[in-house]
Amino acid sequence: GEDVEQSLFLSVREGDSSVINCTYTDSSSTYLYWYKQEPGAGLQLLTYIFSNMDMKQDQRLTVLLNKKDKHLSLRIADTQTGDSAIYFCAETLLMDTGRRALTFGSGTRLQVQP
Amino acid sequence: DTEVTQTPKHLVMGMTNKKSLKCEQHMGHRAMYWYKQKAKKPPELMFVYSYEKLSINESVPSRFSPECPNSSLLNLHLHALQPEDSALYLCASSQETGVYGYTFGSGTRLTVV
């Protein structure tokens with residue numbers, strides 16, 4: 152997680168929009184990902200964006216990519232209490248073996264208040 | 003079938019025990035992964051198997067021994083663990099390049115006493 156940084160905590164009210172930010176360091180990452188982890192559970196892939204795109208929208212989720220600043224964000228519209236979870240951005244980093252593997256940011260805990 | 007199944011869901015073991023974690027997928031994925039996640043931390047990569055061959059070992063201690071008997075199964079054999087090895091162990095799979103993301107199992111919560 153040391154190469155991918157996220158703010159630790161975000162609190163919003165139900166119905167508001169949430170914006171979770173991420174800064175990554177590997178400019179050669181071809182795809183960038185957002186995962187959601189609910190308490191005691193595994194990770195669920197929410198969406199991903201190809202590096203030649205600036206934006207991707209999928210229902211309530213909007214991903215923005217600023218490749219120049221290596222900044223990725225996830226906007227959740229009309230946030231619901233069921234969206235309360237930890238959100239990880241991730242990229243595939245080049246490992247010593249020459250193979251890429253998924254590496255996660257530190258995670259942002261989203262708390263949605265009724 | 004679009005799931006990765008991990009068993010057991012919870013495991014408590016002593017420091018002298020030998021146990022195994024199991025992972026299974028039937029999505030035809032040819033890459034499988036083990037991650038370790040400590041509380042309030044992101045998952046950290048341990049091992050990567052590609053076409054049933056170990057392709058990445060992230061300097062994991064030898065008390066963790068992975069095994070990939072076939073393209074659908076991935077095991078993690080545990081022996082002489084320490085209390086600091088207590089964590090959530092996550093298995094994942096992907097198409098070979100992994101560009102469309104990994105599918106994760108729900109994990110095994112391991113406690114070493």
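Heads up: the sequence lines are chains Y and S, in that order.
The opening residue of the first sequence carries number 152 in this note's numbering; numbering runs sequentially from there.
The opening residue of the second sequence carries number 3 in this note's numbering; numbering runs sequentially from there.
Ideal placement from N, C-alpha and C gives every residue a C-beta, glycine not left out.
Note that the structure is a prediction, hence the values are computed from the model and not measured.
Report task. Answer with yes or no whether the minimum CB distance from Y/ALA236 to chain S is below 8 Å. Result -> One-based indexing of the first sequence puts residue 236 of chain Y at position 85. No, Y/ALA236 does not count as interfacial toward chain S.
Query raised in the report: For the beta strand (DSSP E) that Y/ALA228 lies in, which residues bound it at each end?
Result: Here residue 228 of chain Y is taken as the residue at index 77 of the first sequence, counted from 1. Y/ALA228 -> no beta strand (DSSP E), and no H or E assigned at all.
Query raised in the report: Identify the residues that DSSP records as bridge partners of S/CYS93: which are they?
Result: For the purposes of this step, residue 93 of chain S is taken as residue 91 along the second sequence, with counting starting at 1. In DSSP, S/CYS93 forms a bridge with S/TRP36.
Query raised in the report: Just the Cα atoms here: how many angstroms apart are Y/MET204 and Y/ASN217?
Result: The residue labelled residue 204 of chain Y in the question sits at position 53 within the first sequence. The residue labelled residue 217 of chain Y in the question sits at position 66 within the first sequence. If I take the Cα positions, the gap works out to 9 Å.
Query - Sequence-distant residues of the same chain with beta carbon closer than 6 Å to Y/ILE200, five excluded per side - result: Indexing the first sequence from 1 puts residue 200 of chain Y at position 49. Result list for Y/ILE200: LEU183, LYS207, VAL214 and LEU216, in chain order.
Query - Y/LYS219 burial status per 10 Å Cβ neighbour count (16 or more: buried) - result: For this step, residue 219 of chain Y is matched to residue 68 along the first sequence. Y/LYS219 is exposed by the Cβ-count criterion.
Query raised in the report: Y/PRO265: which of Y/SER180, Y/SER235 and Y/LEU212 sits nearest, CA to CA?
Result: Reading the first sequence from its first residue, position 114 is the one you call residue 265 of chain Y. Among Y/SER180, Y/SER235 and Y/LEU212, the Cα nearest to that of Y/PRO265 is on Y/SER235.
Requested in this report: Measure the alpha-carbon distance for Y/LEU195 versus Y/VAL170 and round it to whole angstroms.
Outcome: By 1-based counting over the first sequence, the position of residue 195 of chain Y is 44. By 1-based counting over the first sequence, the position of residue 170 of chain Y is 19. It should be pointed out that residue 195 of chain Y corresponds to Gln in this sequence rather than to Leu. So the two alpha carbons sit approximately 18 Å from each other.
Query - Cross-chain neighbours of S/VAL14 in chain Y, by beta carbon under 7 Å - result: Taking the first residue of the second sequence as position 1, residue 14 of chain S is located at position 12. Residues of chain Y passing the Cβ test: none, with the nearest at roughly 16 Å.
Query raised in the report: Along chain Y, which residues have their Cβ under 8 Å away from the Cβ of S/SER88?
Result: Within the second sequence, residue 88 of chain S is the residue found at index 86, counting from 1. Those do not exist, as S/SER88 stays about 15 Å from chain Y at its closest Cβ, beyond 8 Å.
Query raised in the report: In this structure, does DSSP put S/PRO71 in helix, strand or coil?
Result: Residue mapping note: residue 71 of chain S aligns to position 69 of the second sequence, counting from 1. Of the three classes helix, strand and coil, the one that applies to S/PRO71 here is strand, per DSSP.
Report task. Run down chain S in chain order and give the residues with a C-beta less than 7 Å from the C-beta of Y/GLY193. Result -> Along the first sequence, read from residue 1 onward, the residue named residue 193 of chain Y stands at position 42. Ordered by position in chain S, the residues that pass the 7 Å Cβ test against Y/GLY193 are LEU92, PHE106, GLY107, SER108 and GLY109.
Query - Under 8 Å between C-beta atoms of S/CYS93 and S/VAL6 - result: As a position in the second sequence, residue 93 of chain S is number 91, starting the count at 1. As a position in the second sequence, residue 6 of chain S is number 4, starting the count at 1. For S/CYS93 and S/VAL6, yes; Cβs fall inside 8 Å.
Query - For Y/ASP154, three-class secondary structure by DSSP - result: The residue labelled residue 154 of chain Y in the question sits at position 3 within the first sequence. Reduced to three states, the DSSP call for Y/ASP154 is coil.
**Report entry** Cα-Cα separation, Y/ASN172 to Y/THR254
**Finding:** Numbered from its first residue, the first sequence carries residue 172 of chain Y at position 21. Numbered from its first residue, the first sequence carries residue 254 of chain Y at position 103. Rounded to whole angstroms, the gap between the alpha carbons of Y/ASN172 and Y/THR254 is 16 Å.
Query - Contact with chain B by S/VAL62, beta-carbon distance below 8 Å - result: Of the protein chains in the structure, Y and S, none is chain B.
Report task. Using alpha carbons as the reference points, say which of S/PHE66, S/MET17 and S/LYS11 lies closest to S/LEU47. Result -> On the second sequence, residue 47 of chain S is found 45 positions in, with the first residue counted as 1. The shortest C-alpha separation from S/LEU47 is found at S/PHE66.
Query raised in the report: When DSSP builds the beta bridges, which residues end up paired with Y/LYS187?
Result: Indexing the first sequence from 1 puts residue 187 of chain Y at position 36. Bridge partners of Y/LYS187: Y/GLN195 and Y/TYR238.
Requested in this report: Could you work out which residue in S/MET17, S/TRP36, S/THR18 and S/ASN19 is closest to S/CYS25 when comparing CA atoms only?
Outcome: By one-based count along the second sequence, residue 25 of chain S stands at place 23. Out of S/MET17, S/TRP36, S/THR18 and S/ASN19, S/TRP36 has the C-alpha closest to the C-alpha of S/CYS25.
Requested in this report: Check the DSSP bridge columns for S/ALA82 and list the partner residues they point to.
Outcome: For the purposes of this step, residue 82 of chain S is identified with residue 80 of the second sequence, where counting begins at 1. According to DSSP, S/ALA82 bridges with nothing at all.
Query - Through-space distance from Y/PRO190 to S/GLY109, alpha-carbon basis - result: Working through the second sequence from its first residue, we reach residue 109 of chain S at position 107. Working through the first sequence from its first residue, we reach residue 190 of chain Y at position 39. Cα to Cα, the separation comes out at about 12 Å.
Query raised in the report: Would you say Y/TYR184 reaches chain S, if we count a Cβ-Cβ gap shorter than 8 Å as a contact?
Result: Position 33 of the first sequence, counted from the start, is the residue given in the question as residue 184 of chain Y. Yes, because at least one Cβ of chain S sits closer than 8 Å to the Cβ of Y/TYR184.
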